[in-house]
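Reviewing the structure listed below.
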Amino acid sequence: MKKFIFIFIFFGLAGTVLSLPSYFTFKPSTYYCPYESPSCPKYLLDEVNSKTNINIELRDFDFEPQVNKSIVLSGGRNNVVVKGFFMTVQGPVRFFRVQEAYRLVPLDNPPPKDVKFYQVRSSGQSAFVVNENSSSAISSYDTSVYNSIFLLDKDWLDYKIKSEQAIVSGSISDGKLVVAAVYVNIKDPATQCPSLPLFKCQEGYVVTYTRQPDRCYDADGCTKTGGCPLVVPQCSKNYRRVSIPSKPHGCYKYKCEPDFLPLTSYSRS
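Residues -19 to -1, 1 to 250, numbered by mature numbering (1 follows the signal peptide of the UniProt record, and there is no 0), are exactly what the sequence shown covers, in order.
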């Protein structure tokens, strides 16, 4: 990682930036810190795709306004990739300014460690190596590792990978990127969902909706209600159920999505 230095203002204090923006995973520090010593590291950072595997001591994070601190810090050990840069404030103590964060789409088992991290680009035809100025041509990518997640919204997952450059860990074999895990930008949807028209349906009809790959909704008009199944599915651990009144009879269609994502709704309230 190439280094450079410049001075800027951080919470009214002079700060020095120590690095170009880069991607890291992190975990809590195991150091014992009596009396909350200001020089004691809270976290250990590991640069993504680093060949050294050196843990970098970090006093604390500083989050840009668009990054949800709670979603990042509740993600668990090495389950979040943060993009940003190192800095100091009035001394050698190291802080990290978080510009973007990507959290693991939950799996049944922890993802393997001996894999590279990529971003899929060029409409699924290129795998860009994170933190490196290199890429590999691919013919496709395989997310079958998520097939065991019941009712996972695969349209959303594919959209995040192909259109919003989620970070994926995995390996390339015979031109195919075999995905071991997906880390999605926690700012999801990337832009605010559009407002929906207010429908008033006659008696015996309900408003139905379609859900788009970005988790926003489109109104699908009024539909005559019919008999609906009484069984309500349950989602996998760390997922929540989404219920969407849909055609042809206004019955709910169900999807499961990671429970750390901000809620989207077809309701105007």
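A virtual CB, placed ideally from N, CA and C, is assigned to each residue, including glycine. Values in this document were obtained by computation on a predicted structure and should not be read as measured data.
Item: Per the DSSP calculation, C237 is bridged to which residue(s)?; Value: L133 and R222
Item: Judging by CA-CA distance, which residue of P194, T189 and Q173 is the nearest neighbour of L138?; Value: P194
Item: So which of D43, M68, N36 and Q47 has the shortest CA-CA distance to N59?; Value: N36
Item: Which whole-angstrom value describes the C-beta separation of C203 and Y186, a residue pair presumed to lie in contact below a C-beta threshold of 8 angstroms?; Value: 4 angstroms
Item: Could you tell me the distance, in whole angstroms, from the CA atom of N114 to the CA atom of S3?; Value: 12 angstroms
Item: A(-6) by DSSP, collapsed to three states: which one?; Value: Its pLDDT being 43, under 50, A(-6) is placed unreliably by the model, and the measurement read from it follows with that caveat. Residue state, collapsed to three classes: strand.
Item: Taking Cβ to Cβ, would you say S154 is nearer than 7 angstroms to V96?; Value: no
Item: Under 6 angstroms Cβ to Cβ from S246, same chain only, skipping five residues before and after it: list those, please.; Value: none
Item: Would V61 and R84 be called neighbours here (beta carbons separated by less than 7 angstroms)?; Value: yes
Item: Tell me which residue opens and which closes the beta strand (DSSP E) that I167 is part of.; Value: That residue, I167, is in no beta strand (DSSP E); it is neither H nor E in DSSP.
Item: Taking L177 as part of the beta strand (DSSP E), name the residues at either end of that continuous run.; Value: No beta strand (DSSP E) holds L177; DSSP gives it neither H nor E.
Item: By the three-class DSSP mapping on this structure, what secondary structure does D155 have?; Value: coil
Item: Using a threshold of 7 angstroms, state whether the C-beta atoms of V101 and Y122 are closer than that.; Value: yes
Item: Suppose you measure from the CA of F42 to the CA of P9; what does that come to, to the nearest Å?; Value: 12 angstroms
Item: Would the beta-carbon of E38 fall within 7 angstroms of that of K64?; Value: no
Item: Within the same chain, show all residues whose beta-carbon is closer than 7 angstroms to that of T206, passing over the 5 residues directly before and after it, in chain order.; Value: G185, Y186, V187, H230 and G231
Item: V86 and V165: beta carbons closer than 7 angstroms?; Value: yes
Item: Where DSSP assigns a beta bridge to Q100, which residues make up the other side?; Value: F109 and I148
Item: So if DSSP puts E38 in a beta bridge, which residue, or which two residues, is it bridged to?; Value: L25
Item: Can you look up L85 in the DSSP assignment and give me helix, strand or coil?; Value: strand
Item: Are the CB atoms of A108 and L54 nearer to each other than 7 angstroms?; Value: no
Item: Grouping DSSP H, G and I as helix and E and B as strand, with all else coil, what is K64?; Value: strand
Item: For R110, I'd like the list of residues in its chain whose CB is within less than 8 angstroms of its CB, leaving aside the five on either flank, ordered along the chain.; Value: Residue 110 is actually Val in this sequence, not Arg. Cβ neighbours of V110 beyond the five flanking positions: N30, K97, F98, Y99, S116 and S117.
Item: In three-state DSSP terms, what is F(-12)?; Value: For F(-12), the predicted model reports a pLDDT of 40, less than 50, meaning its position is unreliable; a value from the coordinates is still stated below. Correct three-state label for F(-12): strand.
Item: DSSP three-state label for Y186, please.; Value: strand
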